[in-house]
Amino acid sequence: MRVALVTGATSGIGRAAALALADAGWWVAAHGRDADRGREVAQALGERGAFVAADLAEPGAPERLVDGLDRLDLLVNNAAVYARAPVAELTASELDRLLAVNLRAAILLAGAAVRAMKDGGVVINLASEAGLVAVPGQVAYNVTKAGLIMLTRSIAVDHAADGIRAVSVCPGTTRTPLVEAAIAAAPDPAAHERTLEQRRPLGRLGTVEEIAAAIVYAASPEAGFMTGSELVIDGGYTAV
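Going by the working numbering, the first residue of the sequence shown is number 1, and it counts up by one from there.
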């Protein structure tokens, strides 16, 4: 059976991806830090997977996560944290936190995954439209997502001969719990939601199921000639 590791899999895009991969026949190690949400996703997976806990910012945690699996065919680097600040207001602690989780852990996980993929495999990095264009007021997040795109390209050129593909999936603003909370916290939630929707030609936000479907496709044999490239699901935002 094909084995997938999905980080940040207890909510939002990660949870949707874990369940969609399980529906597509993968056995899924669903990573997270919250034990309660971990139990819920483990219950939803049933015999098709299990919850694995780790703080990816801790030294050695990315490698231990991979080493704890008997085999690995797919890594989905989805775990991420977010902070808003332009470069003049970004603090060192905020920068370190985003680099540690969004980029450093992803690189270390990818390295451990490539070493574990004896029969080839796929690395999917959840980048973002913010890795392709500079979304205002979130410099550290933009930089980490752009870094994931280069990580994808580097894995693709370095490990094609090992039978390993790498793809960046770049979502636009998607209806995740984080985005819903940000909308609810705005002074005028309805106006803020309309602004987010009107920024993209399709006039709406994405759904976690749409992003999960792209992840399943990128991991499938049908995408066997796709490597080192970006799969952008952003409602047309980066086309403007």
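For each residue, glycine too, the CB sits at the ideal point set by N, CA and C.
Hey, out of the options, whose CA is closest to residue i's CA?
i: Ile183; options: Thr174, Glu193 and Glu63; result: Glu193
i: Arg97; options: Ala83, Met226, Gln198 and Ala181; result: Ala83
i: Gly11; options: Val76, Val208 and Ala166; result: According to the sequence as given, residue 11 is Ser; it is not Gly. Comparing Cα positions, the closest option is Val208.
i: Ile164; options: Ile149, Asn102, Leu75 and Ala42; result: Leu75
i: Glu89; options: Glu47, Arg48, Leu109 and Pro136; result: Pro136
i: Val3; options: Glu94, Ala57, Gly38 and Val123; result: Val123
i: Gly14; options: Tyr217, Ala212 and Val114; result: Ala212
i: Val81; options: Leu178, Arg37, Val52 and Ala20; result: Leu178
i: Gly228; options: Gln198, Asp36, Met150 and Glu210; result: Met150
i: Leu126; options: Glu58, Glu40, Ile107 and Pro59; result: Ile107
i: Leu103; options: Ala146, Leu132 and Lys118; result: Ala146
Kindly indicate which three-state DSSP category residue i falls into: helix, strand or coil?
i: Glu197; result: helix
i: Arg29; result: According to the sequence as given, residue 29 is Ala; it is not Arg. Note: Ala29 maps to strand in three-state DSSP.
i: Val3; result: strand
i: Leu74; result: strand
i: Leu231; result: strand
i: Ala241; result: Since the first residue shown for the chain is 1 and the last is 240, residue 241 is missing from the structure and cannot be characterised.
i: Ala85; result: strand
i: Gly14; result: helix
Going by other Cβ atoms of all chains shown within 10 Å of its Cβ, with 16 needed for buried, is residue i buried or exposed?
i: Thr91; result: exposed
i: Ser128; result: buried
i: Pro171; result: buried
i: Gln43; result: exposed
i: Asp158; result: exposed
i: Pro62; result: buried
i: Val240; result: exposed
i: Asp188; result: exposed
i: Phe225; result: exposed
i: Asp73; result: buried
Keeping to the same chain, check which residues put their C-beta closer than 6 Å to that of residue i; ignore five residues upstream and five downstream.
i: Leu65; result: Ala54
i: Ala214; result: Val169, Leu231 and Ile233
i: Thr152; result: Asn125, Ala166 and Ser168
Excluding the 5 residues preceding and the 5 following residue i in the sequence, name in chain order all residues of the same chain whose CB lies nearer than 7 Å to its CB.
i: Gly236; result: Arg200, Pro201 and Leu202
i: Pro86; result: Gly137 and Val139
i: Leu99; result: Thr144
Kindly list the residues whose CB is nearer than 8 Å to the CB of residue i, restricted to its own chain and excluding five residues on each side of it in sequence; keep chain order.
i: Arg175; result: Leu205, Gly206, Thr207 and Val208
i: Ala218; result: Val122, Ile124, Val167, Val169, Met226 and Leu231
i: Trp27; result: Met1, Arg2, Val3, Ala4, Arg48 and Gly49
Counting only runs of 3+ residues fully inside the region 112–198, write out the beta strand (DSSP E) ranges in chain order. 121–126 and 164–171
Taking the runs of the alpha helix (DSSP H) that are 4 residues or longer, which of them lie wholly in the region 28–67? 35–45 and 61–67
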